[in-house]
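Residues in the sequence shown are numbered consecutively from 2, following this note's numbering.
We put the beta carbon where it would ideally sit given N, CA and C, even for glycine.
In this text the structure is predicted, and so the values were computed from the model without any measurement.
For reference, the structure discussed in these notes is given below.
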Amino acid sequence: MEFEVVTIKGLSSNAYLLIGEKMLLVDTLYSRDFNRIERLFCRRSINIEEIDFIFITHYHQDHTGNLARLKSLSGALVIAGEADAPFIEGTKEPPPFGDLSVMGKIAGKIPEPLLRKYNSFPGAKVDRPVSEGDVIEEMGLEVIALPGHTPGGAGLHDKEGARAFTGDIVSNIFGRAGMPVLAASYSLQEIIASQVKLALLGLDAVYPGHGRVIRPDASGKIGDMVKIKRLKYFQEMRSRI
Ligand SMILES: [Zn+2]
Numbered sequence: 002m003e004f005e006v007v008t009i010k011g012l013s014s015n016a017y018l019l020i021g022e023k024m025l026l027v028d029t030l031y032s033r034d035f036n037r038i039e040r041l042f043c044r045r046s047i048n049i050e051e052i053d054f055i056f057i058t059h060y061h062q063d064h065t066g067n068l069a070r071l072k073s074l075s076g077a078l079v080i081a082g083e084a085d086a087p088f089i090e091g092t093k094e095p096p097p098f099g100d101l102s103v104m105g106k107i108a109g110k111i112p113e114p115l116l117r118k119y120n121s122f123p124g125a126k127v128d129r130p131v132s133e134g135d136v137i138e139e140m141g142l143e144v145i146a147l148p149g150h151t152p153g154g155a156g157l158h159d160k161e162g163a164r165a166f167t168g169d170i171v172s173n174i175f176g177r178a179g180m181p182v183l184a185a186s187y188s189l190q191e192i193i194a195s196q197v198k199l200a201l202l203g204l205d206a207v208y209p210g211h212g213r214v215i216r217p218d219a220s221g222k223i224g225d226m227v228k229i230k231r232l233k234y235f236q237e238m239r240s241r242i
C-alpha cells in the first residue's frame, strides 16, 4: 500500500507521519515538542483531526508525550504493543530497569528519579493492543514485536516497501546502527533477539526513534552491529563464570 513518510524531528526523538489513504502517526515526541508537530501539520496544510491512527512504539515519554493531547484532538485510534499498554495508559508502574545483568554496574548508578522520568506523561487509552503478526489492514502494515528496550516494544513492517518503523530497539545517532540507551532498557538478551529479527527481515530502510533513517540495506547494517554486540555480550558473560 502506497504512503508517504514525513519525519517530524523532536528535541531528541522522531515521530513519523504516514500519509496514504489513511493517516497514521508513529509516536508523539516529548510534550514540549508539540509546537514542532503543529508546525509540520500547518506547513503541509493537514489538520490534526485527520490522523486516523497513532501507533506507539513503546511507553517512554519522548514517544508518548503528546499522545493524550493528539488523541483528544483527533479522535485517532491508539495502537501499541499489548505488554506496554498498561504503562501507556498509566494504570501500571513500568518495570524497573533491573534485568540488565551485564549492564548492572551502570544501571545501578542511575538515580531512581531519573529512571522514573521516562514514565511521566499524561496516559491515554490504548484502543488496539497488538502483538507479533497483527495487521493494520487500513495501512498495509504488520506488527513486529520488538521487546527488550521495554517489555511491549513494537514496530511496524511495510513488507512491500522493505521498510520498518522500529522505535528505540536500534538507534542511528552516530551515523550507523547502534544500541538503544541501555540504562533505560530492561533486557539485553531481548534487545539482541529483537535486533536479530530485524536483521533477518531483508529491510532496506529502518526508521528509528532517534537519529536518521538507516538505509540502504538496513537489515545488513543491523546484522553487522549485532555480531559485534553478541560477541561482547558472550565475552562478558564468560568472564562472570
Ligand atoms: Zn525509549
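Item: Would you call residue 209 buried or exposed, if buried means 16 or more other Cβ atoms sit within 10 Å of its Cβ?; Value: buried
Item: Closer than 6 Å: is that where the CB of residue 169 sits relative to any heavy atom of ligand 1?; Value: yes
Item: Would you identify the three-state DSSP class for residue 201, choosing helix, strand or coil?; Value: coil
Item: Any idea what DSSP makes of residue 132, helix, strand or coil?; Value: coil
Item: Given residue 1, which residues of its chain have a CB within under 8 Å of its CB, disregarding the five upstream and five downstream residues?; Value: Absent from the model: residue 1. The displayed extent of the chain is 2 to 242, so no value can be given.
Item: Cβ of residue 211 versus every heavy atom of ligand 1: is any distance shorter than 6 Å?; Value: no
Item: For residue 140, does the three-state DSSP call read helix, strand or coil?; Value: coil
Item: According to the neighbour-count rule (16 or more other Cβ atoms, all chains shown, within 10 Å of its Cβ), is residue 175 buried or exposed?; Value: exposed
Item: Would you kindly work out how many angstroms separate the C-alpha atoms of residue 39 and residue 49, rounded to a whole number?; Value: 8 Å
Item: Any heavy atom of ligand 1 closer than 6 Å to the Cβ of residue 158?; Value: no
Item: Less than 7 Å between the beta carbons of residue 200 and residue 216, yes or no?; Value: no
Item: Helix, strand or coil for residue 213 per DSSP?; Value: coil
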